[in-house]
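Participant: Right, I'll just put the structure down here and ask away after.
Protein chains: 2
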Amino acid sequence: MSNTKGPDHSRRRERSRQAILAATRALVAEEAYEKVTIEAIAARAGVGKQTIYRRWPSKSAVVFAALLALSEDADGQSVALPDTGDLEADLKLVMRATVEEFADPSFDRLIRALNTEIANDAALAAEYREKLARPLDEVKKARLRSAQKAGQLDADADLDLVLEVLYAPLFQRWLHRSGPLTAAYADSLVDATLRAFGP
Amino acid sequence: MSNTKGPDHSRRRERSRQAILAATRALVAEEAYEKVTIEAIAARAGVGKQTIYRRWPSKSAVVFAALLALSEDADGQSVALPDTGDLEADLKLVMRATVEEFADPSFDRLIRALNTEIANDAALAAEYREKLARPLDEVKKARLRSAQKAGQLDADADLDLVLEVLYAPLFQRWLHRSGPLTAAYADSLVDATLRAFGP
DNA sequence: CTTGCAATACGGACCGTCTCGTTTTGTTCA
DNA sequence: TGAACAAAACGAGACGGTCCGTATTGCAAG
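Going down the list, the sequences are from chains A and B. Going by this note's numbering, the first residue of the first sequence is number 2, and it counts up by one from there. Going by this note's numbering, the first residue of the second sequence is number 2, and it counts up by one from there.
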């Protein structure tokens, strides 16, 4: 009954949408961020500027959507942390992997662009926390809760605080380029966190 | 003998320089950062654009110089942390003060602008570390060394790591607006840090 | 034959460069 | 001492360029 009028143009819409997001990711990953303009994205995507403005209100929103789509593709896939029963080993594995991610120039540029937009747009920051940061944090907190049950972590620990102490130093060192991101550094963050919140 | 040629026009130079830096600070503190343009700075300072470009190569450099001048004014003044002999009390005092600083809207905008520029300009980031971050870190590390001698902190602790664990969570929570910055939060960071690096 | 689109023209903001004529400053000489 | 001068830095703003966000147009997918 519903939607019986007119042909289904949603496929065109979806194709151009994907072209725009892919072009945005490509440009952000390879160019200096100030060269990533709406006009450049449109040209790269083979799309009129109006088609971009029809969907998103600003460059920030496009960049965010492009990265959000990335994480949604990977959905249901690796959304679980290892749980071998050894919290220290599992965390070191994850933190070392994180360090390696940040070493990839494309990833670096992507996250740097995202952070630039987020730092100056409170609404976008809220959407980032809701749709990107929080789900990831929940996965990590699930692993920490498992450790609490196993007696490897203080049962009264504030898990948000634990995650901050674990990740924020890494993030800041990366953002400000204030020191090398090595596996040893990842390990020392895990060690410090476990000393602070161990049983 | 040297420098006998040409009159000393440094007074004019210095006056316009100060006008530019003051105008930049005022604009960054009160406007949305994207409205802070070279043309706006020049107009506010009552100065030609060329006078700005004669001294600094980019808006980033002007903004950085404006904030650097601020910190150099306060030089030799409060460049020491309290040392009552009680590390926990002293750190909580300092961290609570930091939390309050971030609550000031002008300070918030200033530091947010600085971070935006720094995150996307490696050369500027290096200058920031050298001239702003490092001196402050040295002051903090001096207090930590005193605590090490007093047996209140692990003598083998990596003091850079201690500072990161202490400050980075606060910085990240502020940057991403991911939670409230309260005195209780400041205290809990000190507590966690001291558990991690205590004697 | 309708609807969404690519392409492109448009006015506006700001960029960074470039003249202008003016003001400040130090020097020279009456 | 002070009037005249030359050098330097300056305020103002014109300029061509890029990108913005909007509006129009003709075409192609459905």
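Glycine included, C-beta positions come from ideal geometry on N, C-alpha and C. None of the values given here were measured: they were computed from a predicted structure.
Count the other C-beta atoms from every protein chain shown that fall within 10 angstroms of the C-beta of A:V140, then say buried if there are 16 or more, exposed otherwise.
Facilitator: Within the first sequence, residue 140 of chain A is the residue found at index 139, counting from 1. Note on A:V140: under 16 other CB atoms within 10 angstroms of its CB, so exposed under the neighbour-count rule.
Participant: So for A:L182, helix, strand or coil by DSSP?
Facilitator: Here residue 182 of chain A refers to the residue found at position 181 of the first sequence. DSSP places A:L182 in coil when its eight states are reduced to three.
Participant: Using the beta-carbon count (16 or more within 10 Å), is A:D91 buried or exposed?
Facilitator: In the first sequence, counting from the first residue as 1, residue 91 of chain A sits at position 90. A residue is called buried when at least 16 other Cβ atoms come within 10 angstroms of its Cβ; A:D91 meets this threshold and is buried.
Participant: So, is the C-beta of B:Q149 closer than 7 Å to a C-beta in chain A?
Facilitator: Walking along the second sequence from the start, residue 149 of chain B turns up at place 148. Not an interface residue.
Participant: Suppose contacts are defined by Cβ-Cβ distances below 7 Å. Is B:A24 in contact with B:A46 by that definition?
Facilitator: Counting from one through the second sequence, the residue named residue 24 of chain B turns up at place 23. Counting from one through the second sequence, the residue named residue 46 of chain B turns up at place 45. A contact, by the Cβ cut-off of 7 Å.
Participant: Which class does B:S59 belong to by DSSP, given the choice of helix, strand or coil?
Facilitator: As a first step, residue 59 of chain B must be located in the second sequence, where it is residue number 58. Correct three-state label for B:S59: coil.
Participant: Quick one, are the C-beta atoms of A:L167 and A:L195 less than 7 Å apart?
Facilitator: Position 166 of the first sequence, counted from the first residue, corresponds to residue 167 of chain A. Position 194 of the first sequence, counted from the first residue, corresponds to residue 195 of chain A. Result no, Cβ atoms of A:L167 and A:L195 do not sit closer than 7 Å.
Participant: Just to check my reading of the structure: A:L22 and A:A67 have Cβ atoms closer than 8 Å, yes? What is that Cβ distance to the nearest angstrom?
Facilitator: For this step, residue 22 of chain A is matched to residue 21 along the first sequence. For this step, residue 67 of chain A is matched to residue 66 along the first sequence. So it is a contact: roughly 4 Å between Cβ atoms.
Participant: Rounding to the nearest angstrom, what Cα-Cα distance links A:V37 and B:A120 in this structure?
Facilitator: Within the first sequence, numbered from 1, the residue matching residue 37 of chain A stands at position 36. Within the second sequence, numbered from 1, the residue matching residue 120 of chain B stands at position 119. In a straight line, the C-alpha of A:V37 is about 16 Å away from that of B:A120.
Participant: Using a Cβ-Cβ distance cut-off of 7 Å, determine whether A:L176 contacts chain B.
Facilitator: Residue 176 of chain A sits at position 175 when you count from the first residue of the first sequence. Yes - at least one Cβ of chain B is within 7 Å of the one on A:L176.
Participant: Which chain A residues sit within Cβ distance under 7 Å of B:Y34?
Facilitator: Taking the second sequence and counting its residues from 1, the one referred to as residue 34 of chain B is at position 33. Within chain A, the residues near B:Y34 are N121.
Participant: Does the region 104-123 of chain A come close enough to the region 57-71 of chain A that 3 or more CB-CB pairs lie under 8 Å?
Facilitator: yes
Participant: Taking C-beta pairs closer than 8 Å, name the residues in chain B that A:D161 reaches, listed in chain order.
Facilitator: As a first step, residue 161 of chain A must be located in the first sequence, where it is residue number 160. By Cβ distance, chain B contributes G180.
Participant: Which two residues bound the contiguous alpha helix (DSSP H) that contains B:Q51?
Facilitator: Here residue 51 of chain B refers to the residue found at position 50 of the second sequence. Residues K50 to Y54.
Participant: Check whether the Cβ of B:Q19 lies closer than 7 Å to any Cβ atom in chain A.
Facilitator: By 1-based counting over the second sequence, the position of residue 19 of chain B is 18. The beta carbon of B:Q19 does not come within 7 Å of any beta carbon belonging to chain A, so the residue lies off that interface.
Participant: Does the region 168-183 of chain B come into contact with the region 168-181 of chain A, if we say contact requires no fewer than three beta-carbon pairs (one atom in each stretch) closer than 8 Å?
Facilitator: The region 168-183 of chain B makes contact with the region 168-181 of chain A; the number of CB pairs closer than 8 Å reaches 3 or more.
Participant: Checking contacts by CB at 7 Å: is A:P170 closer than that to chain B?
Facilitator: The residue given as residue 170 of chain A occupies position 169 in the first sequence. Yes, contact with chain B.
Participant: For the alpha helix (DSSP H) that B:Y34 lies in, which residues bound it at each end?
Facilitator: For the purposes of this step, residue 34 of chain B is identified with residue 33 of the second sequence, where counting begins at 1. Element bounds for B:Y34: n/a, residue is neither H nor E.
Participant: Which term fits A:R18, buried or exposed, when burial requires 16 or more other beta carbons within 10 angstroms of its beta carbon?
Facilitator: Position 17 of the first sequence holds residue 18 of chain A. Buried, because 16 or more other Cβ atoms sit within 10 Å of the Cβ of A:R18.
Participant: Of all the options A:F198, A:R56, A:G199 and A:A185, which has the alpha carbon lying nearest to the alpha carbon of A:V95?
Facilitator: Counted from its first residue, the first sequence places residue 95 of chain A at position 94. Nearest option by C-alpha distance: A:A185.
Participant: I need the DSSP call for B:D188, collapsed to helix, strand or coil.
Facilitator: The residue labelled residue 188 of chain B in the question sits at position 187 within the second sequence. If DSSP states are grouped into helix, strand and coil, B:D188 belongs with the helices.
Participant: For B:A156, decide whether its Cβ has a neighbour in chain A, counting only Cβ atoms nearer than 7 Å.
Facilitator: As a working note, residue 156 of chain B is residue 155 in the second sequence. No, no contact with chain A.
Participant: Could you give the first and the last residue of the continuous alpha helix (DSSP H) run that contains B:Q173?
Facilitator: Taking the second sequence and counting its residues from 1, the one referred to as residue 173 of chain B is at position 172. That run of the alpha helix (DSSP H) goes L160 to L176.
Participant: Quick check on the burial criterion: 16 or more other C-beta atoms within 10 angstroms. Buried or exposed for A:K93?
Facilitator: On the first sequence, residue 93 of chain A is found 92 positions in, with the first residue counted as 1. The residue is buried, with at least 16 neighbouring Cβ atoms inside 10 Å.
Participant: Who are the neighbours of B:R113 on chain A, taking C-beta pairs under 8 Å?
Facilitator: On the second sequence, position 112 is the one that residue 113 of chain B refers to. Within 8 Å of the CB of B:R113, the CB atoms of chain A belong to A120 and N121, in sequence order along the chain.
Participant: In terms of residue numbering, what span does the alpha helix (DSSP H) encompassing A:P136 cover?
Facilitator: As a working mapping, residue 136 of chain A is identified with position 135 in the first sequence. Here the alpha helix (DSSP H) through A:P136 covers R135 to K150.
Participant: Checking contacts by CB at 7 Å: is A:S3 closer than that to chain B?
Facilitator: Your numbering for residue 3 of chain A matches position 2 in the first sequence. Note on A:S3: pLDDT 34, under 50, position unreliable in the model; the coordinate value appears next. A:S3 does not count as touching chain B.
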